[in-house]
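K.L.:
Number of protein chains: 2
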Amino acid sequence: MVDGLVADNCVPKWRNETFDVAPRWGMPPVFRLDRGAVPFFGTRAYGVHLNGYMREGDGLRLWVGRRSPAKQIAPNKLDNLVAGGIGNGHGIAETLVKEAEEEASIPPSLIKHAVPAGAVSYRMETRLGIRDDVLFVYDLETPADFAPENRDGEIVHFELMPASEVLERIRATSDFKFNVNLVILDFAVRHGLLRADDPEYLDVATGLHRPLD
Amino acid sequence: MVDGLVADNCVPKWRNETFDVAPRWGMPPVFRLDRGAVPFFGTRAYGVHLNGYMREGDGLRLWVGRRSPAKQIAPNKLDNLVAGGIGNGHGIAETLVKEAEEEASIPPSLIKHAVPAGAVSYRMETRLGIRDDVLFVYDLETPADFAPENRDGEIVHFELMPASEVLERIRATSDFKFNVNLVILDFAVRHGLLRADDPEYLDVATGLHRPLD
């Protein structure tokens, strides 16, 4: 079926990576679907995102990666330290450990300190169809002697950016990949980087967690 | 009008504290309503809740207050270190500082370290009508030489409870005031106290932040 959809240009190409489709997270999957065809059907997809950060006096700096120009989705955009979809049969922590190693050379001895900090959820229409995504969010405070290094070619460069600059670029530009903006805003709310009396605070604090049906 | 509703037993009694009613938070209020009549009309109400905690090795302990048996709402239930409704004309931080002093004798020099960490929102039906509440949430790590002391008679006792015990009582009992369960679950998600692979994790992580209309 996906072959036919690719031939008809309804799906851009096979990704050769399949996602489980289940009535709810944690239930036995009903079928598997190639990742490229997921938006066409609008089934829910799950991912893991890692906010890497360092404290600096009273402030924070965030690890930001630049996505390769060769990426099919969001080429050249800025990204979290680690992010990846949860392929069929794989667990959340397992995906985090694997992606942390491939994308940023974070060893298991460091990634085990990552703190699960919730989930960001959204549903949106894109050129390719509906994205109904749930992103499990982790935070990792990295030690002074750590610098990420990409191994799989998906990130061309990492830098440590002051949180204030990250938030200003989220506010004023489209530099970050669309859903990374949401993950970092959630980080900013949880770490007290936004003022509660900002007129947009409640929209941010309540808008990043779409209750799941 | 509230006099008439109290006479008809539609509203239990005057609270002599008014809440602003506005189309959205931050917009000029259209009118003020006695707090006791808010559920009858189902207008949105705003509050501030403070999670007080101490680190202990790898774990956390949370400050828990027991509400006075004389309280009209949720007598004898367990509560956050500080919690209060935002009365008309008052700001979020202003309410936090005032309630922190009255309810727990937290001085301004300590409460200024409270970190805004988001908002919990819900809409529910109660015996008195609809509650459509938004709670601004703050966290405060308290120093070793601090012990809360109630001044206004609303809390009869404070204790420092291991987070694991707090979560077990939330899971298995109705010991905590209904909305304090939500505030503490949000704290637990943000501080990595829940496992992301728990089957109920996503319901908790996405269910505490009802997007506002």
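Chains as they are written, first to last, in the working numbering: chain G, 1 to 213; chain P, 1001 to 1213.
Even for Gly, the Cβ is constructed at its ideal location relative to N, Cα and C.
Nothing here was measured: the structure is a model prediction, and the numbers come from that model.
1) Bridge partners for His-157(G) per DSSP, in chain order?
2) Could you check where the alpha helix (DSSP H) with Phe-136(G) kicks off and where it finishes?
3) Can you pull the chain P neighbours of Val-115(G), defined as C-beta to C-beta under 8 Å?
4) Identify the contact partners of Ser-164(G) in chain P, using a Cβ-Cβ distance below 7 Å as the criterion.
5) Quick one: give me the first and last residue of the alpha helix (DSSP H) that Phe-1178(P) is part of.
6) Which residues of chain P have a Cβ atom closer than 7 Å to the Cβ of Ile-92(G), listed in chain order?
7) Should Asn-9(G) be labelled buried (16 or more other beta-carbon atoms within 10 Å of its own) or exposed?
8) What does Val-183(G) reach in chain P if we use C-beta pairs closer than 7 Å?
9) Suppose contacts are defined by Cβ-Cβ distances below 8 Å. Is Ala-1114(P) in contact with Leu-1050(P) by that definition?
10) Alpha carbon to alpha carbon, what distance is there between Arg-1131(P) and Arg-1123(P)?
11) Determine, using beta-carbon pairs with one atom in the region 1086 to 1103 of chain P and one in the region 1148 to 1162 of chain P, whether at least three such pairs fall under 8 Å.
12) Just how far apart, CA to CA, sit Val-156(G) and Trp-14(G)?
13) Along the region 1075 to 1101 of chain P, what residues have a CB closer than 8 Å to any CB found in chain G?
14) Roughly how many angstroms lie between the CA atoms of Leu-1193(P) and Leu-1078(P), to the nearest whole one?
15) Let me make sure I understand the geometry here. Which of Leu-1033(P), Asn-1088(P), Met-1161(P), Asp-1186(P) has the alpha-carbon closest to that of Leu-1135(P)?
16) Using 8 Å as the cut-off, can you tell me whether the region 61 to 73 of chain G makes contact with the region 1020 to 1033 of chain P, which would need three or more C-beta pairs spanning the two stretches below that distance?
17) Given this structure, state the Cα-to-Cα distance separating Pro-1029(P) from Val-1021(P), to the nearest angstrom.
18) Is it buried or exposed for Arg-1032(P), if we count other Cβ within 10 angstroms and need 16 for buried?
19) Scan the region 24 to 49 of chain G for residues whose Cβ lies nearer than 8 Å to a Cβ of chain P and list them as they occur along the chain.
P.N.:
Straight from the coordinates:
1) The residue labelled residue 157(G) in the question sits at position 157 within the first sequence. The partner list for His-157(G) (beta bridge, DSSP) reads Arg-66(G).
2) Sequence index remark: in the first sequence, residue 136(G) carries index 136 (1-based). Not the alpha helix (DSSP H): Phe-136(G) falls in the beta strand (DSSP E), residues 129 to 141.
3) Taking the first residue of the first sequence as 1, we reach residue 115(G) at position 115. His-1191, Gly-1192, listed in chain order.
4) Here residue 164(G) refers to the residue found at position 164 when the first sequence is read from its first residue. Neighbours of Ser-164(G) on chain P: none; closest Cβ ~16 Å, over 7 Å.
5) Residue 1178(P) sits at position 178 when you count from the first residue of the second sequence. Taken as a continuous stretch (DSSP letters only), the alpha helix (DSSP H) holding Phe-1178(P) covers 1178 to 1190.
6) Locating residue 92(G) in the first sequence gives position 92, where the first residue counts as 1. Ala-1196, Asp-1197, listed in chain order.
7) The residue given as residue 9(G) occupies position 9 in the first sequence. So Asn-9(G) counts as exposed.
8) For the purposes of this step, residue 183(G) is taken as the residue at position 183 of the first sequence. By Cβ distance, chain P contributes nothing, its closest Cβ being about 13 Å from Val-183(G), past 7 Å.
9) For the purposes of this step, residue 1114(P) is taken as residue 114 along the second sequence, with counting starting at 1. For the purposes of this step, residue 1050(P) is taken as residue 50 along the second sequence, with counting starting at 1. For Ala-1114(P) and Leu-1050(P), yes; Cβs fall inside 8 Å.
10) The residue labelled residue 1123(P) in the question sits at position 123 within the second sequence. The residue labelled residue 1131(P) in the question sits at position 131 within the second sequence. Roughly 6 Å separates the two Cα atoms.
11) yes
12) Residue numbering aside, residue 156(G) sits at position 156 when the first sequence is read from its first letter. Residue numbering aside, residue 14(G) sits at position 14 when the first sequence is read from its first letter. Computed Cα separation, rounded: 24 Å.
13) Gly-1091, Ile-1092, Ala-1093
14) Locating residue 1193(P) in the second sequence gives position 193, counting from the first residue. Locating residue 1078(P) in the second sequence gives position 78, counting from the first residue. One C-alpha to the other measures close to 20 Å.
15) Here residue 1135(P) refers to the residue found at position 135 when the second sequence is read from its first residue. Taking Leu-1135(P) as reference, the option from Leu-1033(P), Asn-1088(P), Met-1161(P), Asp-1186(P) with the minimal CA-CA separation is Asp-1186(P).
16) Put simply, the region 61 to 73 of chain G does not touch the region 1020 to 1033 of chain P. Fewer than three CB pairs are less than 8 Å apart.
17) Position 29 of the second sequence holds residue 1029(P). Position 21 of the second sequence holds residue 1021(P). Using only the alpha carbons, I get a separation of about 5 Å.
18) Counting from 1 along the second sequence, the entry for residue 1032(P) is found at position 32. That one is exposed.
19) Trp-25, Gly-26
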